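Engineer: All residue numbers in the sequence shown are consecutive under UniProt numbering, ending with 599. Structure in structure tokens, see below.
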Amino acid sequence: IAQYHYKPQKPCETLTDVYNTATYLWSKGNYIESYRLFFELEHGHQFKVSMCAWYQVQCLIRLDHWRQAIAKCHELMEQQPTTSQWYLIASEIYLKQSDFTMAREELLKASLYVPVTDDAYPDICLLKRITFEGVQQHAQRIIRCDFLNVIPYDIACDVFKCLDLNSLVRCTRVSKKWRHFLISSFHLWNELYFSKRAAQLEIKTIHTYLSRLKRTGLTKLSIRHQQLDGDGILMALTQHEFLSDIICTPALFFNVLEYIGSTLCTLQWGGVSIRLNDIIDSLPKICVQLKKLVVHDCFTSLHDVQLHNAALHRLEYFGESFPASFIESIKSLPTLICLETLELSGIHGFTASHLTNILIRCPTLVRLVLNKCLVNIIPIFNILAIACPNLQYFEYDRNRYCQQFDIFHHQQRRLGIAISSQQPKRLEQHLIKKKWIGLKIRLTNMLTDLIVQHILYDDTTRGSLQVLDLSGNLLITDHGLLLENHPMKNLKSLCLKECFGLSSKGVEQAIQQSPLLETIDLSCLSIVNDNILYALVQCKRLSIVDLSYCSLSLVSEDAIIYLIENRKDTLKRLILDYTTFVSTELIVLTIKKLKRGIV
């Protein structure tokens with residue numbers, strides 16, 4: 001380390017100035033502020049990564065946060081396994097704690113990875129000898145005591161819960177008493193991780209550990225092996241009654257459902273070998289307790305009933321519906337009476353009739369996610385007007401290959417005429433009356449002010465709404481977002497990214513109507529001004545503000561500083577990535593004031 005420490009005489013203008021300021025703070029003993037600056041330089045800007053990491057470790061050591069310092073060293077060992085200094089620092093920390101065993105472990109790892117030609121290799125060998133002597137002397141003074149004879153059962157279980165599977169298995173070999181204690185404690189084996197990639201995992205090994213669970217549930221199962229009998233493991237899992245959540249292979253899909261369908265709560269499927277409608281038709285008969293269904297990247301059925309093109313075309317008008325005969329034919333089919341969450345992503349050949357055939361059969365649905373969806377947003381809202389009465393969370397984004405076919409002006413004009421020509425009493429019937437808690441409608445070129453008003457018109461809806469994400473909707477203006485006497489008083493998260501139709505006044509009023517706002521995303525907008533930041537100051541729970549890719553020509557530095565100073569107790573992140581008209585000095589201020597990277 002250089003003997004000369006830079007003393008800042010002027011405001012920071014470059015990252016080098018920030019680095020010099022951090023080293024100066026370190027030399028003066030201000031380790032907390034120094035740590036914050038080095039943390040941000042490493043993680044946020046990748047500036048002098050190795051030196052910043054070294055300073056962070058030294059700051060942690062001087063603050064007596066030695067566990068965090070060792071964790072940082074281990075992180076750096078994974079990134080730079082042949083660099084000797086991280087092993088030496090970790091071993092020195094353990095030596096100061098008189099923990100010769102752990103210090104020797106660090107040095108043994110160093111001798112495996114650090115090249116013999118490294119200048120520090122002789123020091124590693126010397127310290128290995130010293131720690132070996134320390135371990136031997138320390139072992140002679142220890143009077144061994146079985147802690148199972150001393151501490152209560154629940155505390156002993158908490159100790160063993162901290163161990164991974166390999167360590168837990170090693171503990172069964174300590175003594176007969178330990179083995180009996182561990183095997184009889186069923187809940188210690190509900191998280192299984194097998195990660196020896198080169199070894200072969202025997203089916204009898206799976207049976208051994210699953211049998212220790214008795215009738216308790218399997219919480220997690222992770223298998224990372226190159227030589228693996230997937231079908232055999234899957235069939236082994238189906239033989240145990242506690243199984244309730246499984247991700248399975250296509251070849252055994254329906255066979256597995258017959259084994260475990262009566263207790264299955266969550267099902268996830270992805271692949272083209274089984275079609276969506278075939279799954280939907282089978283689940284009501286087999287999986288009577290299914291609560292969550294996730295299907296991605298598959299095709300719809302080839303033989304389900306399709307509507308005439310004229311009926312599908314009419315659904316493109318907001319407020320229209322399917323023929324009554326089609327709806328009644330679906331209602332006569334078996335329903336998924338327990339399904340609460342449905343996620344469909346990248347379904348090939350998906351149409352409004354397929355979606356209707358599914359949603360009408362899910363009367364208890366609470367959460368609906370449609371990602372990479374081929375169906376336009378307008379037919380979806382027409383379907384939701386007659387289906388899923390308990391729906392509270394809705395997430396949608398348009399398939400990016402379909403966005404280019406959405407005709408802006410023609411569709412907007414047609415929808416406006418269709419809605420405005422209706423009588424007021426009939427218009428009331430088309431309001432989507434749901435108690436929304438979360439709404440995420442992204443990247444659709446068909447969402448207009450009229451549609452947004454019909455979704456959020458009900459006072460109950462706006463009062464219950466907590467998450468609103470309208471990112472990438474170019475046609476929305478202030479008229480759609482703001483309604484008089486309908487404030488979004490419980491809104492916690494608001495995303496208006498790339499909503500270029502909004503004005504500064506509209507965004508400001510939306511913030512003023514949301515006093516409980518915690519997260520707001522205004523990225524890519526050029527209309528952000530001082531008034532918007534002053535409005536954010538009034539949000540007492542504000543935690544994250546995203547202004548990335550914004551042109552902040554209308555924002556003064558005083559307004560940003562005012563926001564930081566008044567909300568520094570709650571504000572965790574002010575994201576200014578790739579913004580223009582922001583000085584380096586202001587970025588440094590956000591690094592120092594906000595809580596990211598705090599010790």
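Glycine included, every Cβ here is placed at the ideal spot set by N, Cα and C. The structure displayed is predicted, hence computed values, not measured ones.
Measuring only the C-alpha atoms, how far is G506 from Q512?
Structural biologist: Their backbone Cα atoms lie some 10 Å apart in a straight line.
Engineer: Within the stretch 333-360, note down every full beta strand (DSSP E) run reaching 3 residues or more, in order along the chain.
Structural biologist: Counting whole runs of 3 or more residues, the stretch 333-360 contains the beta strand (DSSP E) stretches 341-345.
Engineer: At what residues does the alpha helix (DSSP H) containing R67 begin and finish?
Structural biologist: Its alpha helix (DSSP H) spans residues 66-79.
Engineer: Can you say whether C373 is buried or exposed, counting buried as having 16 or more other CB atoms within 10 angstroms of its CB?
Structural biologist: Buried, because 16 or more other Cβ atoms sit within 10 Å of the Cβ of C373.
Engineer: Evaluate contact between the stretch 146-159 and the stretch 101-121, counting only Cβ atoms and requiring at least three cross-stretch pairs below 8 Å.
Structural biologist: No, the stretch 146-159 does not touch the stretch 101-121.
Engineer: Looking at I337 and T364, is the spacing between their C-beta atoms short of 8 Å?
Structural biologist: Going by C-beta atoms, T364 is nearer than 8 Å to I337.
Engineer: For H296, report the span of its beta strand (DSSP E) as first-last.
Structural biologist: Counting along the chain, the beta strand (DSSP E) containing H296 begins and ends at 292-296.
Engineer: Between the stretch 466-481 and the stretch 490-506, do three or more beta carbon pairs fall short of 8 Å?
Structural biologist: Counting Cβ pairs under 8 Å, three or more are found: they touch.
Engineer: Between K489, D558, L576, which has its C-alpha nearest R541's C-alpha?
Structural biologist: Here the closest residue by C-alpha is K489.
Engineer: Please look up how many angstroms separate the CB atoms of C528 and L547, rounded, as I've assumed it's under 8 Å.
Structural biologist: Going by the sequence as given, residue 528 is Val instead of Cys. 6 Å between Cβ atoms; contact.
Engineer: Measuring CB atoms only, is the stretch 315-327 touching the stretch 275-284, in the sense that at least three cross pairs come out at less than 8 Å?
Structural biologist: No, because fewer than three Cβ pairs between the stretch 315-327 and the stretch 275-284 fall closer than 8 Å, the two stretches do not touch.
Engineer: Between the Cα of D577 and the Cα atoms of S523, K568, E106, which residue gives the shortest distance?
Structural biologist: Comparing Cα-Cα distances from D577 to each of S523, K568, E106, the minimum goes to S523.
Engineer: What are the boundary residues of the beta strand (DSSP E) that includes R36?
Structural biologist: Run containing R36: none in the beta strand (DSSP E); it sits in the alpha helix (DSSP H), 31-45.
Engineer: Within 10 angstroms of the Cβ of E106, are there 16 or more other Cβ atoms? Answer buried if so, exposed if not.
Structural biologist: Looking at its Cβ environment, which holds 16 or more other Cβ atoms inside 10 Å, E106 is buried.
Engineer: If contacts are defined as beta-carbon pairs under 8 Å, then L182 and L168 qualify, I think. What distance do you get, rounded to the angstrom?
Structural biologist: Right, their Cβ atoms sit about 7 Å apart.
Engineer: Between Q412 and the rest of its own chain, which residues show a CB-CB distance below 7 Å, the 5 nearest in sequence each way excluded?
Structural biologist: Residue placement at Q412 is poorly supported in this model, since its pLDDT is 47, which falls under 50; the coordinates still yield a value, given next. Within the same chain, Q412 has close Cβ partners T448, L475.
Engineer: For W269 versus V295, is the C-beta spacing smaller than 8 Å?
Structural biologist: Yes, Cβ-Cβ distance for W269 and V295 is below 8 Å.
Engineer: Going by beta-carbon coordinates alone, are I591 and L63 separated by less than 8 Å?
Structural biologist: No, the pair does not count as a contact, with Cβ atoms beyond the cut-off.
Engineer: Sort out for me which residues DSSP pairs W269 with in a bridge.
Structural biologist: Bridge partners of W269: V295.
Engineer: Go ahead and label T101 buried or exposed: buried means 16 or more other beta carbons lie within 10 angstroms of its beta carbon, across all protein chains shown.
Structural biologist: Burial call: exposed.
Engineer: Counting C-beta neighbours from all protein chains within 10 Å, is the total for T580 16 or more, i.e. buried, or is it exposed?
Structural biologist: Exposed, by the Cβ-count rule.
Engineer: Can you tell which of K434, L344, T131, T216 has the C-alpha that lies nearest to the C-alpha of Y396?
Structural biologist: The residue with the shortest Cα to Cα distance from Y396 is L344.
Engineer: Hey, out of L525, S553, R567, whose CA is closest to Q538's CA?
Structural biologist: With distances taken between Cα atoms, Q538 lies closest to R567.
Engineer: With DSSP as the reference, please indicate the residues paired to G438 in a beta bridge.
Structural biologist: Answer is Y393, V467, bridged to G438.
Engineer: Mind checking whether L465 and L481 have CB atoms under 8 Å apart?
Structural biologist: It is not a contact, given that the beta carbons lie outside the stated cut-off.
Engineer: Whose C-beta lies closer than 7 Å to the C-beta of K399 among residues of the same chain, with five residues either side of it excluded?
Structural biologist: Here residue 399 turns out to be Asn, not Lys, going by the sequence shown. If we look at N399 and ignore the five residues flanking it on each side, its Cβ neighbours are K372, C373, L374.
Engineer: Can you list, in chain order, the stretches of the beta strand (DSSP E) that have 3 or more residues and sit fully within the stretch 520-597?
Structural biologist: Runs found: 544-546, 573-575.
Engineer: Measure the alpha-carbon distance for I575 versus L210 and round it to whole angstroms.
Structural biologist: Between I575 and L210, the C-alpha separation is close to 46 Å.
Engineer: Could you check the C-alpha separation between R173 and H180 for me, to the nearest Å?
Structural biologist: Distance between the alpha carbons of R173 and H180: 10 Å.
Engineer: Can you tell me whether N371 is helix, strand or coil according to DSSP?
Structural biologist: DSSP places N371 in strand when its eight states are reduced to three.
Engineer: Distance check for L221 and E340, CA to CA, integer angstroms please.
Structural biologist: Taking the straight line joining both Cα atoms gives about 24 Å.
Engineer: Please name the residue in S175, C171, T219, G232 whose C-alpha comes closest to that of Q200.
Structural biologist: Closest by alpha carbon: G232.
Engineer: Please classify L126 as buried or exposed, where buried requires at least 16 other C-beta atoms within 10 Å of its C-beta.
Structural biologist: Exposed is the call here.
Engineer: Using the Cα positions of S282 and I377, report the straight-line distance between them to the nearest angstrom.
Structural biologist: Those two C-alpha atoms are separated by around 28 Å.
Engineer: Is the CB-CB distance between residue 604 and C550 below 8 Å?
Structural biologist: No information on residue 604 is available, as it lies outside the stretch 1 to 599 that the chain covers here.
Engineer: Label P379 either buried or exposed according to how many other C-beta atoms from any shown protein chain fall within 10 Å of its C-beta, with 16 as the threshold for buried.
Structural biologist: By the 10 Å Cβ count, P379 comes out buried.
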